[in-house]
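Single-structure report; data block below.
Numbering (full-length UniProt numbering), first residue to last: 1 to 362.
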């Protein structure tokens with residue numbers, strides 16, 4: 001059973017499909033049972049063991065507060081698989097809300113939208129969900145018609161792109177990636193899909209697409225490659241540094257926050273690291289001021305300084321000044337301010353040069 005990720009209070013976007021009729025809420029006892037469709041269930045990322053345990057403890061203590069969502073016409077569960085499993089296992093009553101859909105495809109579109117409304121998804125997961133959504137929406141709009149199919153595709157790409165503030169080209173790339181993931185999961189098993197999307201498979205999007213293309217003519221070779229890669233990941237698992245240990249004060253990180261376009265995809269410098277979150281210095285582009293932002297560890301990816309030659313040079317220059325040991329306290333404060341940035345402004349560079357000239361460093 002593939003559990004669904006639960007994030008109470010997640011903000012949901014307006015769906016592209018229109019639901020007919022009103023929703024109806026029902027109360028259920030443990031004797032009741034709901035239908036589970038594996039085809040729907042495989043759309044939902046599984047919870048980790050610790051996440052499932054946390055949800056289970058919460059439901060046992062407080063009950064099942066959020067209703068499960070059921071497809072009204074078919075009485076099939078479409079959201080809340082984990083809660084349903086926990087409630088039935090422990091004899092805990094639950095509620096359901098019925099929603100009306102025209103077809104299985106429109107159900108899937110809603111489920112994908114529901115997942116995209118959740119936070120802390122990897123970029124691979126976002127691409128896969130958007131790409132799968134594009135393919136389903138294209139099919140439901142008669143995308144295979146030869147006469148107008150091309151224009152239908154363009155309309156779908158444009159509409160989905162506007163929904164997620166992405167270009168039609170990005171949506172097309174997402175669809176290509178989604179197809180590639182499905183191809184590899186058909187060869188390596190359903191677990192392979194989730195390993196690709198949560199990055200534990202250690203493959204980039206380009207590698208996934210290349211392997212899927214290779215699978216058309218050499219499926220046996222690709223199956224062997226996937227098996228070997230999976231075993232390698234398992235063997236190296238114990239040696240892999242825990243993600244939060246890669247986040248160090250002053251280090252360079254890339255931010256993944258798709259719901260915050262002002263910081264998403266940008267670089268920042270870590271100011272402090274807590275148990276679950278880290279604070280990061282980032283420049284506010286309109287004012288050039290340096291501001292602190294707080295992110296969960298999972299939203300940050302450490303980036304090596306050597307990949308940013310300009311920043312590496314600045315760090316080397318400030319490092320040499322700190323090593324002198326005879327800086328004025330005001331100069332120390334200036335250097336600390338400069339070390340918050342990933343790129344220095346012309347004025348900031350002048351201050352750095354003034355301190356270097358004062359101490360005869362060139």
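Beta carbons: idealized from backbone N, C-alpha and C, even for Gly.
Please read these numbers as outputs of a predicted model, since none were measured by experiment.
For residue i, the nearest candidate out of the options (CA to CA)
| i | options | result |
| --- | --- | --- |
| residue 278 | 103, 71, 94, 296 | 296 |
| residue 42 | 330, 224, 190, 206 | 190 |
| residue 320 | 289, 361, 328 | 361 |
| residue 70 | 88, 34, 59, 226 | 34 |
| residue 301 | 349, 251, 347 | 251 |
| residue 287 | 271, 274, 131, 345 | 345 |
| residue 94 | 80, 103, 105, 102 | 80 |
| residue 209 | 358, 175, 303 | 175 |
| residue 131 | 88, 197, 76, 86 | 197 |
| residue 139 | 162, 168, 104 | 104 |
| residue 307 | 137, 317, 253 | 253 |
| residue 289 | 338, 322, 274 | 338 |
| residue 77 | 44, 118, 186 | 44 |
| residue 87 | 102, 65, 186 | 65 |
| residue 96 | 206, 84, 106 | 84 |
| residue 184 | 220, 159, 171 | 220 |
| residue 259 | 188, 292, 299, 171 | 299 |
| residue 205 | 354, 186, 125, 225 | 125 |
| residue 89 | 75, 60, 102 | 60 |
Nearest-angstrom Cα separation, counted from residue j out to residue i
| i | j | result |
| --- | --- | --- |
| residue 276 | residue 343 | 27 angstroms |
| residue 37 | residue 200 | 27 angstroms |
| residue 364 | residue 212 | Shown here, the chain extends from 1 to 362; a query on residue 364 therefore has no answer. |
| residue 349 | residue 341 | 11 angstroms |
| residue 114 | residue 334 | 47 angstroms |
| residue 195 | residue 227 | 12 angstroms |
| residue 109 | residue 133 | 6 angstroms |
| residue 336 | residue 67 | 51 angstroms |
| residue 91 | residue 40 | 25 angstroms |
| residue 248 | residue 313 | 19 angstroms |
| residue 62 | residue 82 | 15 angstroms |
| residue 9 | residue 58 | At residue 9, the pLDDT of 36 sits below 50, so the modelled position is not reliable; the number obtained from the coordinates is stated separately. Spanning the two alpha carbons is a distance of roughly 15 angstroms. |
| residue 172 | residue 262 | 24 angstroms |
| residue 116 | residue 55 | 20 angstroms |
| residue 332 | residue 257 | 33 angstroms |
| residue 203 | residue 179 | 15 angstroms |
| residue 107 | residue 129 | 14 angstroms |
| residue 162 | residue 170 | 11 angstroms |
| residue 225 | residue 74 | 40 angstroms |
| residue 347 | residue 322 | 20 angstroms |
Helix, strand or coil at residue i [DSSP, three-state]
| i | result |
| --- | --- |
| residue 70 | strand |
| residue 96 | strand |
| residue 167 | coil |
| residue 364 | The question about residue 364 has no answer here: the residues shown for the chain are numbered 1 through 362. |
| residue 331 | helix |
| residue 146 | Since pLDDT at residue 146 reaches only 44, below the 50 mark, its modelled position is unreliable, and no value is offered. |
| residue 214 | helix |
| residue 206 | helix |
| residue 114 | helix |
| residue 296 | strand |
| residue 291 | strand |
| residue 254 | strand |
| residue 86 | helix |
| residue 436 | It is not possible to answer for residue 436, since the shown part of the chain is limited to 1 through 362. |
| residue 36 | coil |
| residue 359 | coil |
| residue 343 | coil |
| residue 78 | strand |
| residue 130 | helix |
| residue 263 | coil |
| residue 283 | strand |
| residue 122 | coil |
| residue 42 | coil |
Status (buried if at least 16 other CB within 10 Å, exposed otherwise) for residue i
| i | result |
| --- | --- |
| residue 217 | exposed |
| residue 135 | buried |
| residue 329 | exposed |
| residue 157 | buried |
| residue 284 | exposed |
| residue 309 | exposed |
| residue 272 | exposed |
| residue 245 | exposed |
| residue 215 | buried |
| residue 294 | exposed |
| residue 50 | exposed |
| residue 22 | Because the pLDDT of residue 22 is 39, which lies under 50, any placement of that residue in the model is unreliable, and the question is left without a value. |
| residue 292 | exposed |
Whole-angstrom C-beta distance between residue j and residue i, which should lie under 8 angstroms
| i | j | result |
| --- | --- | --- |
| residue 268 | residue 280 | 4 angstroms |
| residue 177 | residue 127 | 5 angstroms |
| residue 99 | residue 72 | 6 angstroms |
| residue 363 | residue 352 | In this structure the chain extends from 1 to 362, so residue 363 is not present and cannot be described. |
| residue 359 | residue 324 | 6 angstroms |
| residue 274 | residue 223 | Wrong, their Cβ atoms sit about 43 angstroms apart, outside the cutoff. |
Test: residue i CB closer than 8 angstroms to a CB of chain D
| i | result |
| --- | --- |
| residue 304 | Here chain D cannot be found, since the structure has a single protein chain. |
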